[in-house]
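**Student:**
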Amino acid sequence: MDRRTFLKLSGAVAAQAALWSPQVGRAEAESASAHGLGNPFLQEGRWFKAAFHVHTTTSDGDVDVPTRLNQYRKLGYQVVAITDHWKTNDLSAFAEEDFLPIVGLEMHPQTGTGAPAHHFVVLNVPHPFELDRKLAAQAMIDQVLSVGGKVIYAHPYWTTHSLNEMLEVAGYCALEVFNGGCHVENDTGYGSVHWDQVLNKGRLIGGIATDDVHNSKLINIGWTMIKAPALNAAAIMEAIEKGCYYASAGPTIEDCRIEDGVIRVITSPVRRITFRCNGVGGGHVVQAKPGETLTSAEWKFAGSRRRYQWIRVEVADEMDNRAWTNPFVIPTA
Ligand SMILES: [Zn+2]
Ligand SMILES: [Zn+2]
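Position one of the sequence shown corresponds to residue 7 (our numbering), numbered consecutively onward.
In structure tokens, the structure reads:
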């Protein structure tokens with residue numbers, strides 16, 4: 007990461023931190039919200055269930071675009087991005103009042119480290135959208151950003167990537183904290199360690215959960231719940247930019263917020279709630295008694311000598327299906 011990127015991202019962290027500071031006025035907080043991750047549980051709007059990593063017969067999926075969109079519609083999704091390898095699809099015929107298809111693709115530029123190629127999920131580009139496959143990874147990301155698209159770092163564990171690969175490029179707004187296909191087929195679906203390491207380098211990014219569906223039998227394993235004021239591409243992209251979402255492979259997170267140095271979460275029944283944060287040995291785990299479940303937990307993190315920079319919540323149900331909030335940035339003052 008170059009110095010300019012670090013300073014820019016550190017600024018974003020500081021701006022978001024101000025959101026949680028009781029001393030900050032409303033106008034300051036509102037202006038700050040444009041630069042950091044927001045809290046979806048405090049935002050006005052509706053929840054939309056989203057699939058952001060989806061393949062069809064346009065690349066190596068098992069069904070065509072209309073069939074795939076219909077599968078997700080029947081499963082209760084309102085937002086579906088079709089992200090075939092290198093190729094976009096014309097989705098203009100499928101948008102409805104209660105259903106938003108998003109044009110995307112998955113791109114695979116080479117790494118500069120000699121590791122296997124990057125996999126980036128790209129959302130919200132025009133169709134057709136041609137990428138020069140010989141471009142360096144950063145130039146490819148920049149091309150997507152220049153047309154208003156979003157870039158997500160896909161399945162870093164499956165790709166055998168480390169921080170070396172994740173920090174050699176900038177401009178992605180989230181990573182896949184869970185990829186259902188990688189999880190079922192290779193047990194490499196989790197990206198939570200990669201996420202924490204990136205956060206600890208000062209990059210404030212979100213975590214999404216996806217199916218990366220190729221085979222229709224492996225669908226609705228991981229999804230992202232987005233809070234937005236309306237169901238249109240601009241509102242959904244803004245919610246992604248602000249981090250107004252949480253990721254899930256099962257549990258529902260009903261609420262999560264920080265007040266007076268205490269973080270509280272309310273969920274569907276789970277057996278473990280983890281508050282994860284920066285720092286050696288940091289965090290707090292609340293475990294249900296044998297045979298019981300939890301639907302809430304809290305952690306008073308303020309008052310200790312430790313300096314918390316960020317805290318995120320991860321829950322696991324009785325089948326070890328998980329859900330993840332985005333990180334909350336903690337005020338330094
Ligand atoms: Zn991939
Ligand atoms: Zn994929």
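Beta carbons: idealized from backbone N, C-alpha and C, even for Gly.
None of the values given here were measured: they were computed from a predicted structure.
(1) Tell me whether the stretch 273-287 and the stretch 307-320 touch, counting them as touching only if at least three CB pairs, one residue from each stretch, are closer than 8 Å.
(2) Given a threshold of 16 other Cβ atoms within 10 Å of its Cβ, counted over all protein chains shown, does Asn-170 qualify as buried or as exposed?
(3) For the stretch 261-277 against the stretch 234-249, are there 3 or more C-beta pairs whose distance is under 8 Å?
(4) Can you have a look at Asp-323 and say buried or exposed, based on whether 16 or more other CB atoms are within 10 angstroms of its CB?
(5) Closer than 6 Å between the C-beta and any heavy atom of ligand 1: which residues qualify, listed along the chain?
(6) Helix, strand or coil for Pro-46? Go by DSSP, reduced to three states.
(7) Residues bridged to Met-231 by DSSP?
(8) Ligand 3 and Gly-110: does the residue's C-beta get closer than 8 Å to at least one heavy atom of that ligand?
(9) Please confirm if the stretch 186-202 is in contact with the stretch 157-173, defined as three or more CB-CB distances below 8 Å between the two stretches.
(10) Please state the DSSP three-state secondary structure of Trp-348.
(11) Relative to ligand 2, is the shortest distance from any of its heavy atoms to the C-beta of Gly-186 smaller than 8 Å?
(12) Could you tell me which of Arg-313, Val-109, Val-175 sits nearest to Thr-117, measuring between CA atoms?
(13) Could you tell me whether the stretch 248-264 touches the stretch 44-52, using the rule of 3 or more Cβ pairs below 8 Å?
(14) What would DSSP say about Asp-261, mapped onto helix, strand or coil?
(15) Indicate the three-state DSSP secondary structure (helix, strand or coil) for Thr-216 in the structure shown.
(16) Are the stretch 102-116 and the stretch 76-85 touching by the rule of at least three beta carbon pairs closer than 8 Å?
(17) Can you pull the DSSP bridge partners for Arg-278?
(18) Give a yes or no on whether the C-beta atoms belonging to His-167 and Asp-68 are separated by under 9 Å.
(19) Could you check whether Pro-337 and Gly-212 sit closer than 9 Å to each other, using their CB atoms as the reference points?
(20) Classify Pro-257: buried if its beta carbon has 16 or more other beta carbons within 10 angstroms, exposed otherwise.
(21) So, helix, strand or coil for Thr-73, using DSSP?
(22) Whose C-beta lies closer than 6 Å to the C-beta of Phe-135 among residues of the same chain, with five residues either side of it excluded?
(23) Does the distance between the C-beta of Val-86 and the nearest non-hydrogen atom of ligand 2 fall short of 8 Å?
(24) To test your reading of the DSSP string, which unbroken beta strand (DSSP E) runs of 3 or more residues are found completely within the stretch 125-164?
(25) Kindly identify the DSSP beta-bridge partner or partners of Trp-316.
(26) When the Cα atoms are used, what is the spatial distance from Ala-101 to Asn-185?
(27) For Met-113, list the residues DSSP reports as bridge partners.
(28) Could you check the C-alpha separation between Trp-330 and Lys-55 for me, to the nearest Å?
(29) Verify whether the separation of the beta carbon atoms of Glu-182 and His-59 is less than 9 Å.
**Tutor:** Reading off the structure:
(1) With a cut-off of 8 Å, the stretch 307-320 and the stretch 273-287 count as touching, because enough Cβ pairs lie within range.
(2) So Asn-170 ends up on the exposed side.
(3) As far as the Cβ criterion goes, the stretch 261-277 does not touch the stretch 234-249, which means the pair count is below three.
(4) By the neighbour-count rule (16 or more Cβ atoms within 10 Å), Asp-323 is buried.
(5) Ordered along the chain, the selected set is Glu-112, His-125, Ala-160, His-161.
(6) If DSSP states are grouped into helix, strand and coil, Pro-46 belongs with the helices.
(7) According to DSSP, Met-231 shares a beta bridge with Lys-55, Tyr-252.
(8) Questions concerning ligand 3 fall outside what the structure shown contains, since the ligands it does hold are ligand 1 and ligand 2.
(9) The stretch 186-202, when compared against the stretch 157-173, does touch it at the 8 Å Cβ threshold.
(10) The structure shown does not extend to residue 348, since the chain is modelled only from 7 through 339, so no value can be given for it.
(11) No, Cβ of Gly-186 sits at least 8 Å from all heavy atoms of ligand 2.
(12) Put simply, of Arg-313, Val-109, Val-175 the residue whose alpha carbon is nearest the alpha carbon of Thr-117 is Val-175.
(13) Three or more beta-carbon pairs drawn from the stretch 248-264 and the stretch 44-52 are found closer than 8 Å, and the two stretches are therefore classed as touching.
(14) In the three-state DSSP reduction, Asp-261 falls in the strand class (E or B).
(15) Per DSSP, reduced to three states, the secondary structure at Thr-216 is strand.
(16) By the criterion of at least three beta-carbon pairs nearer than 8 Å, the stretch 102-116 is in contact with the stretch 76-85.
(17) Partner residues in the beta bridge of Arg-278, as assigned by DSSP, are Gln-293, Ala-322.
(18) No. Outside cutoff.
(19) Taking 9 Å as the Cβ cut-off, Gly-212 and Pro-337 do not qualify as a contacting pair.
(20) Its Cβ being crowded by 16 or more others within 10 Å, Pro-257 is buried.
(21) Helix, per DSSP.
(22) If we look at Phe-135 and ignore the five residues flanking it on each side, its Cβ neighbours are Thr-94.
(23) Because no heavy atom of ligand 2 lies under 8 Å away, the Cβ of Val-86 does not count as near it: no.
(24) DSSP runs (the beta strand (DSSP E)) wholly in the stretch 125-164: 126-129, 156-159.
(25) In the DSSP output, where bridge partners are listed per residue, Trp-316 has Val-335.
(26) Going by the C-alpha atoms only, they are around 25 Å apart.
(27) In the DSSP output, where bridge partners are listed per residue, Met-113 has Phe-126.
(28) Answer to the nearest angstrom: the Cα atoms are 15 Å apart.
(29) Result yes, Cβ atoms of Glu-182 and His-59 sit closer than 9 Å.
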